[in-house]
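Per my numbering: the sequence shown = residues 29 to 190.
Only one structure is covered here, and it is reproduced in the block below.
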Amino acid sequence: MTKRTAAGQATFVIQKVQPGLLGLMDGSVSTLAPIFATAGLTSQPIKAFYVGLAASLGAGVSMGLAEALSDDGKVTGRGSPIVRGAITAVATALGGMLHTLPFLIPDIHRALHLAYVVVVFELLLIAFIRYRFMKTPLWSTILQVIVGGGIVFGLGILLGNT
Numbered sequence: 029m030t031k032r033t034a035a036g037q038a039t040f041v042i043q044k045v046q047p048g049l050l051g052l053m054d055g056s057v058s059t060l061a062p063i064f065a066t067a068g069l070t071s072q073p074i075k076a077f078y079v080g081l082a083a084s085l086g087a088g089v090s091m092g093l094a095e096a097l098s099d100d101g102k103v104t105g106r107g108s109p110i111v112r113g114a115i116t117a118v119a120t121a122l123g124g125m126l127h128t129l130p131f132l133i134p135d136i137h138r139a140l141h142l143a144y145v146v147v148v149f150e151l152l153l154i155a156f157i158r159y160r161f162m163k164t165p166l167w168s169t170i171l172q173v174i175v176g177g178g179i180v181f182g183l184g185i186l187l188g189n190t
C-alpha cells in the first residue's frame with residue numbers, strides 16, 4: 029500500500045466510516061430499551077413501533093447535530109461538519125429503525141422474535157465494521173458490542189416486565 033493510498037484510507041475512515049459507525053452504534057443501542065420496554069408494558073407492537081420511530085428519528089437529529097457541531101474539521105482533519113453530521117444522522121436513524129420495523133407485525137410474539145434476530149444482526153454488523161475499518165480484533169469487538177448492547181437490551185426487557 030502506498031503512502032497516498034494509506035493516507036486516503038485513513039481520511040475515509042475518519043471522515044466517513046467513523047461518523048457512520050458512531051451513528052449506527054448509538055441508534056442501535058440507545059433505542060433498544062425504550063422499544064422493548066414499550067413492547068413489554070403494552071403488548072401492542074404498533075406502540076413499540078411508534079416509540080422506536082420517535083426514538084430513532086430524534087436520536088438521528090440529536091446525534092447529527094452533535095457530530096456537526098463538535099468541530100469544524102480544520103484542526104482535527106475530520107472533514108466537513110455538515111457531511112459528518114449527515115452521515116451520523118442517517119446512520120443513527122437507520123440503526124434505531126432496523127429493530128423497530130418488526131413491530132409493524134401485529135402479533136407481539138412474532139414481532140419480538142424477529143426484532144431479537146435483527147438486534148443480533150445489528151450488533152454483529154457493528155462488530156464487523158469495527159474489525160474491518162478500525163482494525164479492532166474481531167473476537168474482542170464482538171464481545172464488547174454484544175456486552176454493551178446486551179446491557180441496554182436487558183434494561184429494556186427488565187423495565188418492560190414491571
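The C-beta atom is built at its ideal place from N, Cα and C for all residues, glycine as well.
Nothing here was measured: the structure is a model prediction, and the numbers come from that model.
Residue nearest to residue i in terms of C-alpha spacing, selected from the options
i	options	result
residue 37	130, 163, 155, 111	163
residue 116	74, 97, 169	97
residue 53	134, 100, 102, 176	176
residue 60	151, 159, 34, 165	151
residue 92	130, 49, 66, 71	49
residue 84	100, 55, 109	55
residue 119	132, 142, 157	157
residue 179	86, 64, 51, 39	64
residue 144	174, 159, 109, 86	174
residue 149	132, 165, 110, 170	170
residue 123	75, 110, 86	86
Environment of residue i [buried if 16+ CB atoms lie within 10 Å]
i	result
residue 62	buried
residue 105	exposed
residue 138	exposed
residue 182	exposed
residue 34	exposed
residue 154	buried
residue 73	buried
residue 112	buried
residue 134	exposed
Residue-chain proximity (residue i, chain D), Cβ-Cβ < 9 Å
i	result
residue 185	Judged by its chain identifiers, the structure shown contains no chain D, having just a single protein chain.
**Message:** Can you confirm whether the region 33-43 touches the region 74-83 when touching is taken to mean that 3 or more C-beta pairs between the two stretches lie within less than 8 Å?
**Reply:** no
**Item:** Length-filtered (4 minimum) alpha helix (DSSP H) runs lying within the region 127-164
**Value:** 136-162
**Prompt:** Residue ranges of each alpha helix (DSSP H) run of no fewer than 4 residues wholly in the region 67-101, ordered along the chain?
**Reply:** 73-98
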